[in-house]
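Chemist: When the count follows this note's numbering, it moves up by one through the sequence shown with no breaks and lands on 287 for the last residue.
Please see the structure below; I have some questions.
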Amino acid sequence: MDKLKKQMDFLMEIDKLKNIFRQSLLSVDNRRENDAEHSWHLCMYAVVLEEYAPEGTDLLRAIKMMLVHDLVEIYAGDTYLYDVKGNETKAQRESEAAEKLYAILDKEQCEELKGYWLEFERNDTPEAKFANSLDRLQPIMLNYITRGEKWLVNHVTKAQVIERGSKLTKDAHPALRKFVLDILDESVEKGYLLP
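If you want it as structure tokens, here you go:
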């Protein structure tokens, strides 16, 4: 099988991302966001909020990470951030999914794209820290704009959001961190989020 055929097979396989639904609701029609929409939205967050990236961040590299970071969910499924039991097996399921998915590509591209996913998971570069902080910010904003519907139905507390969003609260630019903490305080005041 030639390289182009493998690339096309991979591109058709990742079309399945559009059928992986997250817990976050969209701001307009109250349906659940799919992983493809989430990945696109994250990339737009990166472009618009680039000034808040760590100094020296390669924006294109961060965007590539955001585009591939949830592809493993095609096989592993989406794990809700606040699902304690599901998160116990998430790393193993996603690792197995990465091996299966990226193996569709030729060795060089397999290693490149899997490398972006691993870098995102390790969260140890400026690009990964920026990508991870935006990955935590975006669902917070969707929960806020939808009046906390998914937070409330799942009995999520402010402390849980801060703990599970630690990549945002720990690694994000101070202005983003303050903005999020203010949004969480406001969400509690408005009854969108449990204290």
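From the three backbone atoms N, C-alpha and C, an ideal C-beta is built for every residue, glycine too.
1. Could you say which of K242, N179 and L152 lies nearest to Y286 if we only look at CA atoms?
2. Once DSSP output is grouped into helix, strand and coil, what is the label at L103?
3. Consult DSSP for E125 and reduce its assignment to one of helix, strand or coil.
4. Could you say which of Q184, F222 and S119 lies nearest to L134 if we only look at CA atoms?
5. Hey, I166 and I112 are a contact pair by Cβ (cut 8 angstroms); roughly how many whole angstroms apart?
6. In angstroms, rounded to a whole number, what distance separates the CA positions of W132 and E281?
7. Here's a check: name, in chain order, each residue in its chain whose Cβ is nearer than 7 angstroms to the Cβ of I232, leaving out the five neighbours to either side.
8. Suppose you measure from the CA of L96 to the CA of K108; what does that come to, to the nearest Å?
9. Which residues in the same chain as T217 place their Cβ atom closer than 7 angstroms to its Cβ, once the five residues preceding and following it in sequence are excluded?
10. Thinking just about the alpha-carbon of each residue, which of W209, L268, K206 and G148 is nearest to the one in R228?
11. Which residues in the same chain as R153 place their Cβ atom closer than 6 angstroms to its Cβ, once the five residues preceding and following it in sequence are excluded?
12. If you follow the alpha helix (DSSP H) that R228 is part of, which residue opens it and which one closes it?
Modeler: Answer, in terms of the structure:
1. Tyr is not the amino acid found at residue 286; the sequence shown has Leu there. It is K242.
2. helix
3. strand
4. F222
5. 6 angstroms
6. 31 angstroms
7. V253, G257, V272 and I275
8. 19 angstroms
9. E211
10. L268
11. E219
12. P218 to I237
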